[in-house]
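Below is one structure; the comments refer to it alone.
Numbering (my numbering), first residue to last: 76 to 378.
Written out as structure tokens, the structure is:
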């Protein structure tokens with residue numbers, strides 16, 4: 076085998092490794108404990124139930140409930156302080172038996188987490204029926220969410236790589252039409268993927284199918300940290316699209332280039348700020364590392 080063929084095979088293997096889906100990192104809020112403890116048997120009905128998670132959380136409206144042994148809902152409006160969820164409960168009509176605590180919350184990284192636990196008063200009994208929508212996300216949301224994320228990465232590569240090459244390395248006599256179209260297609264693809272992610276956050280939080288997103292719930296998402304960050308990404312994309320034409324013609328100018336560089340860093344930061352990095356022990360370092368990683372990917376694959 077010639078040296079050229081060995082190099083070519085190595086490059087192909089490296090690209091396959093880069094493009095292959097990575098094993099997902101599960102860094103969402105995890106249940107650490109509760110009062111009463113899961114599976115415990117206590118002597119009398121509690122006035123409040125506390126559930127502690129591994130990171131700060133936000134409860135999904137209407138999706139934190141406590142059912143008495145006969146299926147009666149006895150929970151009030153939950154409150155949160157950091158990572159501790161507090162659920163007020165009233166005394167059930169038939170207090171003896173097994174209670175079901177069902178929750179659906181949003182992790183610090185913006186991802187929904189659903190689950191439940193049981194405890195008993197007096198002695199265990201048959202468990203109350205499970206609450207619909209308390210588990211994981213609907214399959215349609217999982218598929219659409221994964222597609223939106225990958226389309227966003229693809230759009231990022233198509234926008235950054237061609238733009239940099241046209242600005243710095245493209246031959247003057249070569250046609251710029253194709254790479255210019257790629258750059259704008261990348262911006263459009265990233266914007267579409269971002270809009271899809273905003274929409275999908277609603278059914279991801281509630282457990283509903285991907286096509287269900289009530290206006291009130293959508294407004295709540297837009298007002299959350301997750302929604303504000305993705306809206307900022309859309310604003311950055313609009314500004315970049317407006318400032319890009321001279322750059323794509325090979326005449327960026329120092330001031331324009333500096334502004335675009337700042338916008339690029341701000342835009343790239345929105346990816347880790349809506350992911351696991353923001354909930355890590357050292358958010359600034361993790362976010363910075365993710366920005367460098369995304370920039371390198373976009374320049375390399377896009378170029």
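Each residue gets a CB set at the ideal place from its N, CA and C atoms; glycine is no exception. For clarity, every value in this text was computed on a predicted model and none was experimentally measured.
Query raised in the report: Among 228, 320, 284, 214, which residue has its Cα nearest to the Cα of residue 256?
Result: The residue you call residue 256 lines up with position 181 of the chain shown. Taking only the C-alpha atoms, the option nearest residue 256 is 320.
Query raised in the report: Taking the beta strand (DSSP E) that residue 202 falls in, what are its first and last residues?
Result: Working through the chain shown from its first residue, we reach residue 202 at position 127. Run containing residue 202: none; DSSP gives neither H nor E here.
**Report entry** Best match in 220, 187, 163 for proximity to residue 106 [C-alpha to C-alpha]
**Finding:** Numbered from 1 along the chain shown, position 31 holds the residue referred to as residue 106. Comparing Cα positions, the closest option is 187.
Query raised in the report: Exposed or buried, which one is residue 343 when buried takes at least 16 other CB atoms within 10 Å?
Result: On the chain shown, position 268 is the one that residue 343 refers to. That one is buried.
Report task. Check residue 108 in the structure and name its three-state DSSP category. Result -> Position 33 of the chain shown holds residue 108. Reduced to three states, the DSSP call for residue 108 is strand.
Query raised in the report: In whole angstroms, what is the alpha-carbon distance linking residue 184 and residue 369?
Result: Numbered from its first residue, the chain shown carries residue 184 at position 109. Numbered from its first residue, the chain shown carries residue 369 at position 294. Roughly 18 Å between the two C-alpha positions.
Report task. Assign residue 145 to one of two classes, buried (16 or more other C-beta atoms within 10 Å of its C-beta) or exposed (fewer than that). Result -> By 1-based counting over the chain shown, the position of residue 145 is 70. Exposed.
**Report entry** N-terminal and C-terminal residue of the beta strand (DSSP E) that residue 148 is part of
**Finding:** Residue numbering aside, residue 148 sits at position 73 when the chain shown is read from its first letter. Taken as a continuous stretch (DSSP letters only), residue 148 belongs to no beta strand (DSSP E), as it is neither H nor E.
Query raised in the report: Considering only residues of the same chain and omitting the five flanking positions on each side of residue 208, which have a CB-CB separation below 6 Å?
Result: Taking the first residue of the chain shown as position 1, residue 208 is located at position 133. Note on residue 208: pLDDT 47, under 50, position unreliable in the model; no value is reported.
Query raised in the report: residue 233: which of 104, 115, 265, 309 sits nearest, CA to CA?
Result: Counted from its first residue, the chain shown places residue 233 at position 158. Ranking the options by Cα distance to residue 233, first place goes to 265.
Query - Helix, strand or coil at residue 192 [DSSP, three-state] - result: Counting from 1 along the chain shown, the entry for residue 192 is found at position 117. Reduced to three states, the DSSP call for residue 192 is strand.
**Report entry** Boundaries of the beta strand (DSSP E) in which residue 177 is found, first to last residue
**Finding:** In the chain shown, the residue the question calls residue 177 occupies position 102. That run of the beta strand (DSSP E) goes 172-181.
Requested in this report: Could you check the C-alpha separation between residue 227 and residue 269 for me, to the nearest Å?
Outcome: Residue mapping note: residue 227 aligns to position 152 of the chain shown, counting from 1. Residue mapping note: residue 269 aligns to position 194 of the chain shown, counting from 1. Looking at the two C-alpha atoms, the distance is approximately 7 Å.
Query raised in the report: From which residue to which residue does the alpha helix (DSSP H) around residue 214 run?
Result: For the purposes of this step, residue 214 is taken as the residue at position 139 of the chain shown. 214-243 is the span of the alpha helix (DSSP H), which, as asked, contains residue 214.
Query raised in the report: Just the Cα atoms here: how many angstroms apart are residue 223 and residue 251?
Result: As a position in the chain shown, residue 223 is number 148, starting the count at 1. As a position in the chain shown, residue 251 is number 176, starting the count at 1. Roughly 28 Å between the two C-alpha positions.
Query raised in the report: Okay, do the stretch 132-139 and the stretch 172-183 touch, 3+ Cβ pairs below 8 Å being the bar?
Result: yes
**Report entry** Residue burial classification, residue 359 (beta-carbon count within 10 angstroms, cutoff 16)
**Finding:** Within the chain shown, numbered from 1, the residue matching residue 359 stands at position 284. Flag for residue 359 reads exposed.
Query - Cβ shell of residue 110 (< 6 Å), same chain only, five flanking positions each side left out - result: What you label residue 110 is simply residue 35 of the chain shown in a count that begins at 1. Cβ within range, chain order: 125.
Query raised in the report: Below 8 Å, can you find three or more Cβ-Cβ pairs linking the stretch 362-378 to the stretch 311-331?
Result: no
Query raised in the report: Between the C-alpha atoms of residue 244 and residue 258, what's the straight-line distance to the nearest angstrom?
Result: Taking the chain shown and counting its residues from 1, the one referred to as residue 244 is at position 169. Taking the chain shown and counting its residues from 1, the one referred to as residue 258 is at position 183. For residue 244 and residue 258, the distance between alpha carbons rounds to 15 Å.
Query raised in the report: When we look at the beta-carbon of residue 220 and count the other beta-carbons within 10 Å, is it buried (16 or more) or exposed?
Result: Here residue 220 is taken as the residue at index 145 of the chain shown, counted from 1. Per the 10 Å Cβ criterion, buried.
**Report entry** Secondary structure of residue 96, DSSP reduced to three states
**Finding:** For the purposes of this step, residue 96 is taken as the residue at position 21 of the chain shown. Low confidence applies to residue 96: its pLDDT is 43, below 50, so where it sits in the model is not reliable enough to give any reading.
Query raised in the report: So residue 44 packs on residue 261, CB below 8 Å; how close in whole Å?
Result: In the structure as shown, the chain starts at 76 and stops at 378, and residue 44 therefore has no counterpart that could be examined.
Query raised in the report: Out of curiosity, what's the CA-to-CA distance linking residue 373 and residue 367?
Result: By one-based count along the chain shown, residue 373 stands at place 298. By one-based count along the chain shown, residue 367 stands at place 292. So the two alpha carbons sit approximately 10 Å from each other.
Query - Status (buried if at least 16 other CB within 10 Å, exposed otherwise) for residue 235 - result: Counted from its first residue, the chain shown places residue 235 at position 160. Residue 235 comes out buried.
Report task. Enumerate in chain order the residues of its own chain whose CB-to-CB distance from residue 151 is below 8 Å, with the five nearest sequence positions on each side excluded. Result -> Counting from 1 along the chain shown, the entry for residue 151 is found at position 76. So the list reads 162, 163, 164, 165, once near-sequence residues are dropped.
Query raised in the report: With C-beta atoms as the reference, is residue 193 less than 8 Å away from residue 114?
Result: Along the chain shown, read from residue 1 onward, the residue named residue 193 stands at position 118. Along the chain shown, read from residue 1 onward, the residue named residue 114 stands at position 39. Yes, they are a contact pair.
**Report entry** Beta-carbon spacing of residue 167, residue 131 below 8 Å
**Finding:** For the purposes of this step, residue 167 is taken as residue 92 along the chain shown, with counting starting at 1. For the purposes of this step, residue 131 is taken as residue 56 along the chain shown, with counting starting at 1. No, the Cβ-Cβ distance between residue 167 and residue 131 is not below 8 Å.
Query raised in the report: Taking DSSP as the reference, what is the three-state secondary structure of residue 163?
Result: Counting from one through the chain shown, the residue named residue 163 turns up at place 88. DSSP places residue 163 in strand when its eight states are reduced to three.
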